[in-house]
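Presented below is the structure to which this report refers.
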Amino acid sequence: MNINATLIGQAIWFALFIWITMKFVWPPLQKAMADRQIQIADGLAAAERGKHEQELAAKRSADALREAKEKSSELVAQAEKRAQQIVEDAKGTAKVEADKIVVGAKAEIDQEVERAKQQLRERVAELAVAGAEKILRKEINASAHADMLVALKQDL
Amino acid sequence: MSAEGGTTGYIQHHLTNLAVCADGAKVDGVCTGFWTFHLDTLLVSGLLGLVVFGFMALMASKATAGVPSGGQNFVEMVVGLVDQQVRDTFHGKSALVTPLAITIFVWVFVMNAMDLIPVDFLPTALQAATGNHDLPFKFVPTTDPNLTFAMSLTVFFISIFMGLKVKGFGHFMHEVFAVPFGLKLAPVNLLFRIVEEIARPISLSLRLFGNMYAGEMVFILIALIGIYQLPLALPWALFHILIITLQAFVFMMLTIVYMSMAAESH
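Heads up: the protein sequence lines correspond to chains A and B, in order. Number 74 in our numbering belongs to position 70 of the first sequence; there are no gaps in the numbering. Number 251 in our numbering belongs to position 248 of the second sequence; there are no gaps in the numbering.
This is the structure we're talking about:
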């Protein structure tokens with residue numbers, strides 16, 4: 005074990021390497037590591053935020069879905085009601101129309117009957133007169149007995 | 004087994020540094036004076052340091068806060084491990100302590116790791132390359148006390164400097180003379196302080212040196228077995244991985260502790 009000038013050389017090497025580490029190795033690495041730490045912390049925070057956001061969105065979408073369901077069932081119920089009403093209305097209208105038609109038809113029938121009666125009446129008078137003419141020939145004058153014929157006509 | 008002289012010569016050869024000095028300082032062709040340089044220690048430690056710290060600086064220069072590349076991730080992992088130790092132990096504010104700890108851990112680790120290369124592998128290759136079959140070359144720089152002392156002394160001076168800077172000269176001197184027994188026993192306090200301060204770099208460097216030197220020695224002894232060394236060398240190498248990491252960690256950890264003791268009031 006002999007101590008000699010190698011000691012000085014080694015001290016110089018040592019000092020050089022300390023300087024290199026101090027100047028070129030440690031500061032950039034320290035900075036990179038610190039920056040990465042910040043990035044990771046930010047990333048984690050962002051992930052947490054995203055998760056929260058997603059939870060909120062899920063909640064919102066569930067709400068929207070429920071609302072839509074409610075609305076749609078309401079709409080369906082309304083539509084059903086409306087359809088029923090339309091059917092009812094149609095039924096009512098049809099009945100009214102039918103009644104009208106029936107009434108019209110009845111009136112027409114009555115009119116026809118009346119007209120037939122009228123015609124019959126006319127014809128009866130003629131027939132009666134014709135018959136009477138055949139029976140009576142000369143004795144009976146149509147114009148002389150008009151009053152009687154009219155009275156007869158009225159009785160029919 | 005390249006050197007002549009049998010077992011002792013082999014071991015001796017493996018424990019000799021490649022030394023250079025002025026011709027006038029040589030005694031029987033061996034450098035003895037202070038102005039001797041261990042070329043192997045200087046070269047291996049320097050090249051290893053340039054490679055690993057160059058790599059780390061390259062990775063750091065390309066570092067992004069986004070998804071890290073494999074290399075960046077690895078460097079960040081090592082640096083993060085050291086930084087965690089610094090945070091746990093050193094509570095002051097200093098731009099120096101973490102880089103110092105990173106440098107020590109990484110550098111000592113790679114230098115210790117040279118021990119895992121079989122003992123004859125690189126020296127033999129180098130001897131074949133240079134044609135000099137007696138060329139001594141120690142490939143584990145941490146088995147050279149010059150290196151460990153250089154590191155521990157640097158740490159020692161940095162800790163003194165840090166104590167002066169953080170506490171100020173007055174407070175520092177007060178601590179030297181008044182702790183732990185109060186001003187009345189100032190000489191005793193000073194003596195205690197000196198012993199403490201001297202013991203630190205010595206224990207720090209000798210711990211690393213002793214562990215690596217002993218480990219290297221066991222590898223050399225195992226290598227003496229010859230062709231059947233693998234069943235022994237492998238378990239020892241596996242066990243040595245633990246020592247390599249542990250010694251690098253201990254050196255780093257104690258440095259952080261010394262820095263924190265220097266920066267904090269007792």
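The beta-carbon is built from N, C-alpha and C at its ideal position, and this holds for glycine as well. Remember, predicted model here, so these are calculated numbers, not experimental data.
- DSSP places B:ALA22 in the uninterrupted beta strand (DSSP E) bounded by 22 to 24.
- B:SER155 is the residue among B:SER155, B:LEU194, B:VAL221 whose C-alpha sits nearest the C-alpha of B:THR106.
- In chain order, ALA68 make up the part of chain B whose C-beta sits under 7 Å from the C-beta of A:ASP39.
- Under the three-state reduction of DSSP, B:LYS170 is assigned to helix.
- Per the coordinates, the alpha-carbon of B:LEU186 lies some 33 Å from the alpha-carbon of B:PHE254.
- When secondary structure is reduced to three states using DSSP, B:HIS16 falls in the helix class.
- Residue pairing for B:VAL30: DSSP places it in a beta bridge opposite B:VAL33.
- As the crow flies, the alpha-carbon of B:ILE244 is around 21 Å from that of B:PRO148.
- Counting the other Cβ atoms within 10 Å of the Cβ of B:THR67 gives fewer than 16, which makes it exposed.
- If the five residues before and after B:ASN76 are omitted, its C-beta is found closer than 8 Å to no C-beta atom of its own chain.
- By the Cβ test, the stretch 94 to 104 of chain B is not in contact with the stretch 116 to 134 of chain B, since fewer than three Cβ pairs between them sit closer than 8 Å.
- Of the residues assessed, B:PRO190 falls on the exposed side of the cut-off, its CB having fewer than 16 other CB atoms within 10 angstroms.
- Contacts with chain A at 8 Å (Cβ-Cβ) do not include B:PRO190.
- The three-state secondary structure of B:PHE40, taken from DSSP, is strand.
- Using a Cβ-Cβ distance cut-off of 8 Å, the stretch 59 to 76 of chain A and the stretch 129 to 137 of chain B are not in contact, since fewer than three pairs of beta carbons, one from each stretch, lie closer than that value.
- In terms of Cβ geometry, B:LEU138 and B:LEU61 do not form a close pair [threshold 8 Å].
- Assignment of B:LEU227 by DSSP, reduced to helix, strand and coil, places it in the coil class.
- Under the three-pair Cβ rule at 8 Å, the stretch 17 to 33 of chain A counts as touching the stretch 78 to 89 of chain B.
- Pairing B:VAL260 with B:THR157 gives a Cβ-Cβ distance that is not under 8 Å.
- Within the model, the alpha-carbon separation for B:VAL70 versus B:GLU79 is close to 12 Å.
- Minimum Cα-Cα distance from B:GLY95 among the listed residues B:ALA226, B:THR39, B:LEU45, B:GLY166 corresponds to B:GLY166.
- B:MET176 is classed as exposed because its beta carbon has fewer than 16 other beta carbons within 10 Å across all chains shown.
- Under the DSSP assignment, A:PRO32 falls in the alpha helix (DSSP H) whose first and last residues are 30 to 140.
- From the beta-carbon of B:VAL78, the residues of chain A found nearer than 7 Å are LEU33.
- In chain A, no part has a C-beta under 9 Å from the C-beta of B:VAL89; the shortest such distance is about 11 Å.
- For the pair B:GLY218 and A:GLN43, the Cα-to-Cα distance works out to about 46 Å.
- From the beta-carbon of B:GLY52, the residues of chain A found nearer than 7 Å are TRP17, PHE21.
- Burial state of A:GLY13 is buried, judged by a 10 Å Cβ sphere holding 16 or more other Cβ atoms.
- For A:LEU11, a Cβ of chain B is located within less than 8 Å of the residue's own Cβ.
- The DSSP assignment places no complete run of the beta strand (DSSP E) inside the stretch 130 to 205 of chain B (cut-off: 3 residues).
- Contact between B:MET262 and B:SER162 is confirmed by a C-beta separation of about 6 Å, below the 8 Å threshold.
- Your pair B:LEU193 and B:VAL179 checks out as a contact, with CB atoms roughly 6 Å apart and the cut at 8 Å.
- The DSSP-derived three-state label of B:GLU79 is helix.
- For B:MET59, a Cβ of chain A is located within less than 8 Å of the residue's own Cβ.
- Following the DSSP letters along the chain, one finds B:VAL260 inside the alpha helix (DSSP H) bounded by residues 233 to 266.
- Excluding its 5 nearest sequence neighbours in each direction, B:ALA251 has C-beta neighbours in its own chain below 7 Å: PHE108, VAL111, PHE112, ASN115, listed in chain order.
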